[in-house]
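**Q** Let me give you the structure first, and then I'll get to my questions.
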Amino acid sequence: MGILDKVLKVFVGDKSKQDVSAIKPIVDKIKTFEQALEALSHDELRAKTIEFKEKIAEARQPLLEKQSELLAKAENTEDIDEREDIYQEADKIEDEIYEVTESVLNDILPEAFAVVKETAKRFVHNTEIPVTANAFDREVSGAKDYVTLNGDQAIWANSWDAAGKPITWDMIHYDVQLIGGIAMHQGKIAEMQTGEGKTLVATLPVYLNALAGKGVHLVTVNDYLAKRDSAWMAPIFEFHGLSVDCIDNHTPNSDARRKAYNADITYGTNNEFGFDYLRDNMAHSPEDLVQRPHHYAIVDEVDSVLIDDARTPLIISGPIPKGEEHEFDVLKPKVSQIVDVQRKYLVGVLAEAKKLIAEGDTKEGGFQLLRVYRGIPKNKALIKFLSEEGVKQLLQKTENFYMQDNNREMPKVDAELYYVI
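Okay, here's the thing in structure tokens:
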């Protein structure tokens, strides 16, 4: 430990110890749910997942309705600027939906973690777990041999194959693993040694965040771990109706990989997640995308993935304190001043262009109009003027003239502008 670290520890204490102290009351809440969950039948335990999802859906509903109304309004709005404003408002609601979802997840965290722990217990203590079969059980039974159907019942076995290795479930979460799971949900780094159960710890925040229905990614360092962990942990999640897949099992840019991303929980290597992201950014149409909007991810061996193997510097956890001087804050007022000066200047140029065109001077009027268009193309007054008969055609004709011979004459148009859009 360096001298600075020692001095900081004297004045502010050990950060990790402070975090653990703040988490312990949540662990106590988890333990209060354990006894009540033990008394539930297997079907009643599974019903808890439906209950959690309904709470999240109920909290989101008013915002989703408001967002739908805005999107419908945008579709029926012809004015480009007004439509853009509506879309921005809808995007803000998306942020509110995220915050509401996070609030509900934090509220249900103790009981949700207790559900995962109780599920692990039942897989340890029962070689077979009979439940009332639902559509998802029937789907899983067709693909996995650890679920069999017997009339109206689905029988879940506690033994299965994990990447070629037969395993019998024998793990139950310890209190320290509950602490690790809470830390992961809060976006913190949980340092654990090999053999301390990182894979088991991850089941807690993965289950919780999968309840939101927006997908969870678990990023590993190699394809063997991705395939093994997805097969190893899958029954714990699937028992509660959550789908699990691994992108490394499927060919890039295929329907199977797209389906893997649409699963509730998706395992994969950092390279495959990264390349899929890059490919999506080069896609020509929405149908070519494989990933959906990102929601929550856990990175295994985060120091290796984001530091040792990184090609570019990345922030791996938590907010970075803002320095006394931030380049953005320094430049923003200066840029804003330039934008304001150009806008005021071009508003006057637009008025002059309108006057010249009305008087029949289309050459000079078209020149001034093109200058306005290159400086403030989204200006409402300009857009309205362009909708008048013949004006847009004049603009295009003028633009074509100044663009000929590799834009040879265009510097004349841009001469009075600070910047061109």
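All residue numbers for the sequence shown refer to the numbering used here, where the first residue is 481 and numbers rise by one. Even glycine gets a Cβ: it sits at the ideal position worked out from N, Cα and C.
To which residues of the same chain is ILE662 closer than 6 angstroms at the C-beta, ignoring the five residues directly before and after it?
**A** By 1-based counting over the sequence shown, the position of residue 662 is 182. ILE503, ILE506.
**Q** Should MET713 go down as buried or exposed, given a rule of 16 or more other Cβ atoms within 10 Å for buried?
**A** Mapped onto the sequence shown, residue 713 falls at position 233. By the neighbour-count rule (16 or more Cβ atoms within 10 Å), MET713 is buried.
**Q** Give me the Cα-Cα distance between ASP561 and PRO857, rounded to the nearest whole angstrom.
**A** Residue mapping note: residue 561 aligns to position 81 of the sequence shown, counting from 1. Residue mapping note: residue 857 aligns to position 377 of the sequence shown, counting from 1. Approximately 11 angstroms between the Cα atoms of the pair.
**Q** With a threshold of 6 angstroms on Cβ separation, who are the neighbours of LYS597 within its own chain once the five nearest residues in sequence on each side are excluded?
**A** Taking the first residue of the sequence shown as position 1, residue 597 is located at position 117. Result list for LYS597: HIS653, in chain order.
**Q** So if DSSP puts TYR747 in a beta bridge, which residue, or which two residues, is it bridged to?
**A** Translated into the one-based positions of the sequence shown, residue 747 becomes position 267. Its beta-bridge partners are LEU698, CYS726.
**Q** Using the rule of at least 16 other Cβ atoms within 10 Å of the residue's Cβ for burial, across every protein chain shown, is PRO793 buried or exposed?
**A** Here residue 793 is taken as the residue at index 313 of the sequence shown, counted from 1. Residue placement at PRO793 is poorly supported in this model, since its pLDDT is 47, which falls under 50; the coordinates are not used for a value here.
**Q** Between SER621 and LYS645, what straight-line distance do the alpha-carbon atoms span, to the nearest angstrom?
**A** Residue 621 sits at position 141 when you count from the first residue of the sequence shown. Residue 645 sits at position 165 when you count from the first residue of the sequence shown. Straight-line Cα distance between these residues: approximately 20 angstroms.
**Q** Let's test the definition: count the other Cβ atoms within 10 Å of the Cβ of ILE796 and tell me whether it reaches 16, buried, or not, exposed.
**A** In the sequence shown, counting from the first residue as 1, residue 796 sits at position 316. Reliability fails at ILE796, whose pLDDT of 38 lies under 50, so the model's placement of it is uncertain and the value that follows must be treated cautiously. Burial call: exposed.
**Q** Can you name the start and end residues of the beta strand (DSSP E) that LEU658 belongs to?
**A** Numbered from 1 along the sequence shown, position 178 holds the residue referred to as residue 658. That residue, LEU658, is in no beta strand (DSSP E); its alpha helix (DSSP H) goes 655-665.
**Q** Taking the alpha-carbon of LYS535 as reference, which of GLN547, LEU589, GLN884, ARG759 has the nearest alpha-carbon?
**A** As a position in the sequence shown, residue 535 is number 55, starting the count at 1. For the residues GLN547, LEU589, GLN884, ARG759, the minimum Cα distance to LYS535 belongs to LEU589.
**Q** TYR626: buried (16+ other C-beta within 10 angstroms of its C-beta) or exposed?
**A** For this step, residue 626 is matched to residue 146 along the sequence shown. Buried.
**Q** For TRP712, report the span of its alpha helix (DSSP H) as first-last.
**A** Within the sequence shown, residue 712 is the residue found at index 232, counting from 1. Its alpha helix (DSSP H) spans residues 703-718.
**Q** Would you identify the three-state DSSP class for PRO646, choosing helix, strand or coil?
**A** Translated into positions along the sequence shown, residue 646 becomes position 166. Three-state DSSP puts PRO646 in a strand.
**Q** Would you mind giving the Cβ-Cβ distance between ALA613 and ALA634, rounded to the nearest angstrom? I have them listed as a contact below 8 angstroms.
**A** Taking the first residue of the sequence shown as position 1, residue 613 is located at position 133. Taking the first residue of the sequence shown as position 1, residue 634 is located at position 154. Going by Cβ atoms, the distance from ALA613 to ALA634 rounds to 4 angstroms, so yes, they are a contact pair.
**Q** Can we say the region 691-707 touches the region 769-787, given the rule of at least three CB pairs closer than 8 angstroms?
**A** As far as the Cβ criterion goes, the region 691-707 touches the region 769-787, which means the pair count is three or higher.
**Q** Using the Cβ count rule (16 or more neighbours within 10 Å means buried), how would you classify HIS605?
**A** Counting from 1 along the sequence shown, the entry for residue 605 is found at position 125. By the neighbour-count rule (16 or more Cβ atoms within 10 Å), HIS605 is not buried but exposed.
**Q** As a quick exercise: from ARG888, ASN750, ALA895, ILE566, pick the residue whose alpha carbon is nearest that of TYR825.
**A** For the purposes of this step, residue 825 is taken as residue 345 along the sequence shown, with counting starting at 1. Answer by Cα proximity: ALA895.
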